[in-house]
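The structure under discussion appears below in the form of structure tokens.
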Amino acid sequence: MFLMHLGFQVLWESEQECFCSFMREVAYFYSPAPLSVISVAASDEDEQDKQKYEAWRIQNILFHAMRKYLAAPKDNDVVQVASLPDLYRVFKLSSNAVRLHIILQLLSANTGA
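Following the numbering used here, the numbering of the sequence shown begins with 2 at its first residue and continues without gaps.
In structure tokens, the structure reads:
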């Protein structure tokens, strides 16, 4: 399928368009399929099994390899902006109203609203 997409989806006539479309197809090839929410009422058990396997692969193979082999640059290109244990401690000590406010802020930041 990847080779077929290279043949038909890559714009080979223009150099800049060729690089852009080629890199887009390479990115599509290496990106995992989007995971949908696994529904309990879903009729297709094969689809549920595929989704569970894909989630397992991402967590146990991809993330493991990233933890093991990713060498962060030393020149501050990658900066830690938060610590999950510290955030959890603040979240645990806060009231329900503050928790709701934090959740709404995170949701609005993720949706770009």
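We put the beta carbon where it would ideally sit given N, CA and C, even for glycine.
| Item | Value |
| --- | --- |
| CB-CB under 6 Å to S95, same chain, minus the five flanking residues each way: which ones, in chain order? | none |
| From H65 to W57, what does the alpha carbon distance come to, in whole angstroms? | 11 Å |
| If you draw a straight line from the alpha carbon of N77 to that of D47, how long is it in whole angstroms? | 45 Å |
| Here's a check: name, in chain order, each residue in its chain whose Cβ is nearer than 8 Å to the Cβ of F11, leaving out the five neighbours to either side. | Correcting the residue identity first, residue 11 is Val in this sequence and not Phe. So the qualifying residues of the chain are C19, S22, F23 and E26. |
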